[in-house]
Amino acid sequence: MAKNVYTVRQVNAYIKNMFVQDFMLNRIYVKGEISNCKYHTSGHIYFSLKDESGAIACVLFAGDRRGLTFRMQEGQKVIVLGSVSVYERDGKYQLYAREVVLDGEGALYQKYARLKRELEEMGMFSLEYKQPIPVYSRTVGIVTAPTGAAIRDIMNIAGRRNPYVQLILYPALVQGEQAAPSIVRGIKVLDTYGVDVIIVGRGGGSIEDLWAFNEEAVARAIFECRTPVISAVGHETDTTIADYVADLRAPTPSAAAELAVADYRQLFAGMELFKNQMTDRLEQKVDWHRQRLEQLRLRLTHASPQYRLNENRQYAADLTERFSQAMQRKLTEQKYRLGICAEKLQGLSPLKKLTQGYSYTRLLDGKALRSISQIQPGDQLAIHVTDGEVLARVEETKAIERNG
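Under our numbering, think of the first position of the sequence shown as 1069, with each following residue one higher.
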C-alpha cells in the first residue's frame, strides 16, 4: 500500500488551490451558447456554456446580476467574464461569472467597462461633484433627437405638470458616428444659453444604439457643464456612462421630465395649505395680542389716578358705612344697657318708694333722719310723702330691738 494516502477533501482542496494560483483562470472571458439556464429563487442563475466540442457549468450569483442588461435564455450566444474554480463538495470545476454580455456586444462592452473604470478612478462619478436639481425650473433645455418618442414624452409630461415652463430643444443626433459631437455641442449651447436644467437622453436600444452616450467626450461635456444635467437614456435596465456622470439619472425620458418640472397643481395645493396655516397662525397671533392688549388696558386702568381715587373713595365709603353700623350697634347696646340701668334706678328711686306708701323724714338742716339718736323731743322734722311735705314735732322717741 502507498505511504501517502489523501482524503477526498484534501485532493479537491489541492486542485482548487491550483486553479486559484492560475492568474489566467482568475479573470477569463469565455464565449459560448447558453444551455440549461435556471433562475433560482435565491436570485442566482445557473447555466452552462457549450460549443461544438463541449460544455462548462456556470453560475452567476445574485450580487453580480446588477450589470446584466438582458434576460438569459436558451441558445443565446454570450461572452462571460469570470473565474474558474473547483466546487469542493462535488469535486467539479465551474465558471463563476461576474459579467455576461451578448456575443455581438462583447467588444463594445469591454470598451464600455474600461472607460467606466477610468472615469470612475478620475472621480467623475463622485457625489461631491453632483449639482442639485432646481425644484422650480422655469426653462428646461433638452438635448435629444427632434423626432421620436423621447421628445414627445418629455413635452407631454412637462405640459401636463406645468404648462408655464419653457422647453428649449437642441435637435441632436443620438445615434451614429456624429452623435457624440452633436450631443456635446447641444450641452455646451444650452449651458451658455442659461437654462435652469438640461435633460440629455433618448429612447432605449441596443448597446450599439446607445453608444454615443458611452463616449468620453459626452461624459466630459456633462461633467464640465455648469448647469445641472439629468440623463435620460434608454429604459430602466439600460445604464450608460452618461448616467454615472450626470447630476441625476432618470430611468426614462418621461421620468426625467417629472424630475425637471414641478407639478404646479401640487405647488398650488401646497401654497393653499401654507396660506391656511399662515391664516390660522395670524389669527392666533392677533388673538394673543388682543388678549395682551386687554390685560395691559386693565393694568393701566388699575394704575390710573382716577381708578385709585375711585378705589379710595369706595374704601372710604365702606369705612363710613362700617363705622356707622358700628356706632349704631354701639348706641343700640348702650340704649339697651341704659334701659336696664333706668329700670334698676326706677326700682331704687325714693319717689317710687313714696308712691308705694313709704315716706322720707329729714331734719330741718336737711340731713336724713336715720336714727333716734339724731333727735330729741321737741325737735321739728320734715316728713316727705307722695304729694307734699309734713312738718312735725317730736314728742317722744322709743327704741326698738330688731333681729338680724
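Quick reminder that beta carbons are idealized off the backbone N, C-alpha and C, glycines included. Remember, predicted model here, so these are calculated numbers, not experimental data.
Sequence-distant partners of THR1429 (beyond 5 residues in either direction) whose C-beta falls short of 8 Å from its own C-beta, in its chain, are ALA1436, LEU1437, LEU1449, ALA1450, ILE1451, HIS1452. When the Cα atoms are used, GLY1135 and THR1347 turn out to be separated by approximately 53 Å.
Measuring C-alpha to C-alpha distances from ASN1104 to each of ARG1270, VAL1127, MET1092, LYS1084 identifies VAL1127 as the nearest. Within the region 1278 to 1342, the complete alpha helix (DSSP H) segments at least 4 residues long are 1284 to 1292, 1309 to 1313, 1321 to 1328, listed from N- to C-terminus. ALA1467 sits exposed, since fewer than 16 C-beta atoms from the chains shown fall within 10 Å of its C-beta. In this structure, TYR1161 is the residue among ILE1113, TYR1161, GLU1464, GLY1150 with its C-alpha nearest to the C-alpha of LYS1084. Taking C-alpha positions only, LEU1235 is separated from ALA1328 by approximately 11 Å. With the rule of 3 Cβ pairs closer than 8 Å, the region 1206 to 1224 counts as touching the region 1319 to 1335. Nearest Cα to SER1151 within the set ARG1166, TYR1082, LEU1316, MET1140: ARG1166. Looking at ILE1124, ASN1094, ALA1384, ARG1294, the one whose alpha-carbon comes closest to that of VAL1257 is ARG1294. Each residue's CA atom was taken as its position, placing TYR1204 and TYR1332 some 9 Å apart.
In the structure shown, HIS1112 adopts coil according to DSSP, grouped into three states. Under DSSP, the beta-bridge partners assigned to THR1212 are PRO1239. In this chain, ILE1201 is not harboured by any beta strand (DSSP E), its DSSP state being neither H nor E. Looking at the DSSP output, SER1153 sits in a beta bridge with GLN1162.
Taken atom to atom, the span from the alpha-carbon of ILE1275 to that of VAL1208 is near 27 Å. The criterion of a C-beta distance shorter than 7 Å is not satisfied by PHE1138 and TYR1312. Membership of GLY1271 in any beta strand (DSSP E) is not indicated, and neither H nor E is assigned to it by DSSP.
Within the same chain, Cβ atoms closer than 8 Å to the Cβ of ALA1289 are found at ILE1251, VAL1252, ILE1255, LYS1256, the five residues on either side in sequence being excluded. Cα atoms of GLN1363 and LEU1399: separation of roughly 47 Å, rounded to the nearest angstrom. If you check the CB distance, VAL1286 and ALA1310 come in under 7 Å. The secondary-structure analysis by DSSP pairs LEU1413 with nothing; it has no beta-bridge partner. Contact between the region 1240 to 1249 and the region 1334 to 1342 is absent, with fewer than three C-beta pairs closer than 8 Å. Counting along the chain, no alpha helix (DSSP H) covers GLN1448; the unbroken beta strand (DSSP E) around it starts and ends at 1448 to 1453. Note that the C-beta distance between ILE1201 and GLN1144 is not below 7 Å. By the beta-carbon neighbour count (other beta carbons within 10 angstroms, threshold 16), GLY1100 is buried. In the assembly as shown, ASN1378 is an exposed residue. Its beta-carbon has fewer than 16 other beta-carbons within 10 Å. Classified as buried, ALA1247 has 16 or more neighbouring CB atoms from the shown chains inside 10 Å of its CB. Each of HIS1112, VAL1098, SER1110 was checked against the Cα of GLY1122, and the nearest Cα belongs to VAL1098.
If you draw a straight line from the Cα of CYS1409 to the Cα of PRO1373, it is about 52 Å long.
Contact between VAL1301 and GLY1269 holds, with the beta-carbon distance rounding to 5 Å and staying under 8 Å.
Spatial neighbours of GLU1188 in its own chain (CB-CB distance under 8 Å, excluding positions within 5 residues in sequence) are listed in chain order as TYR1312. For the pair GLU1457 and TYR1426, the Cα-to-Cα distance works out to about 13 Å. Taking every protein chain shown into account, the CB of LYS1184 has 16 or more other CB atoms within 10 angstroms, so this residue is buried.
By alpha-carbon distance to PHE1091, the top candidate from ALA1213, TYR1082, SER1153 is SER1153.
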